[in-house]
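Residue numbering for the sequence shown follows the numbering used here, beginning at -8 and increasing consecutively. Have a look at the structure below, then the notes.
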Amino acid sequence: MSHWTDQWRDFVRESSYIHILKERKISNDQFWRSYGVYDQILNHSGYPGEILNRIFSFISPGTSLLDIGAGTGAFSIPLSRQTSRTVVVDPSGYQLQILMEKARKERLTNITAIPKEWRDVQPSEIFGPNDLGINPQGVDYSLAAYSLFDEHIEDFLSKMIEFTSKGVFVVFRADAPDPLNEFAYGPKPHVDYLCLYNILKEMGYQFDIILFSRNYSLPLDLVFHQYRFSGRDSQEIAAYLQAKGRLLEREDGKWASFSARDAMLYKIL
């Protein structure tokens, strides 16, 4: 393994939400069922925002898309208005149920859901019986946004690229985690998009990069829920935010300010 893959492995083991699954002995479904406010947080955070618009600019109408770690469909639902076929993969069947309900409400019938870890997905599940022998590459475009939590990251990326014929998109954070993370969970190893960029480079792939900035506020009760598995209670989290000048008093209650930068690594094949 290289320095970069070692860094990624340590991050997944000790800092990602996969660490919480193992520590709490809970499944992906249990984790996400306990995070029922996930879509509310996304709506306040401005994500995916401009990243989605950039991906739209690359994807031609009538093409196919693979969304790995699709969650509740932040990317795949809007992008499926343009694709002829979308395959969504996620280890949480609960998240995919929400995604497919959104698709039903929007009358999108071109989405196929696979409730599995990416490593367990078989080529036939991606290609589909109508594509075998027609598009041996699998899909036109593939996307993994904040969903690459696999210790064997090179295998994850290789499989993703192998199944794709026109373009690959990877979205991950561009900065260190919010300082609130360290307060809540203690010091943990972390990585950013440069780790993925260098892993891809060592694999022989040169990806382009676009950075995006977001400034937003969250209702304080959503912040407490976001950090529900931390060692800090709600009073400690509120006091920390107050001390850092990040607690906002509004007519509709207390909110906390946040800033984030996202990176999109992409390669048009």
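Note that the Cβ used here is the ideal one computed from N, Cα and C, for glycine as well.
- When the five nearest sequence neighbours on each side are left out, the beta carbons in the same chain lying within less than 8 Å of the beta carbon of GLY84 are those of ASP20, PRO106, in order along the chain.
- Just measuring C-alpha positions, the residue of ARG205, PRO170, ASN44, PHE22 sitting nearest ALA234 is PRO170.
- When DSSP states are grouped into helix, strand and coil, ASP199 belongs to the strand group.
- The three-state reading of DSSP puts PHE147 in helix, counting H, G and I together.
- Taking a cut-off of 8 Å for Cβ pairs, the segment 242 to 258 and the segment 183 to 198 touch, as three or more such pairs fall below it.
- In the assembly as shown, PHE47 is an exposed residue. Its beta-carbon has fewer than 16 other beta-carbons within 10 Å.
- ASP58 and LEU134 do touch by the CB rule: their CB atoms are close to 5 Å apart, below 8 Å.
- When DSSP states are grouped into helix, strand and coil, ALA65 belongs to the coil group.
- Selection LEU139, PRO82, LYS96, VAL79 evaluated against TRP(-1) yields LEU139 as nearest (Cα-Cα).
- Residue environment analysis places ALA167 among the exposed positions, since fewer than 16 neighbouring C-beta atoms fall within 10 angstroms of its C-beta.
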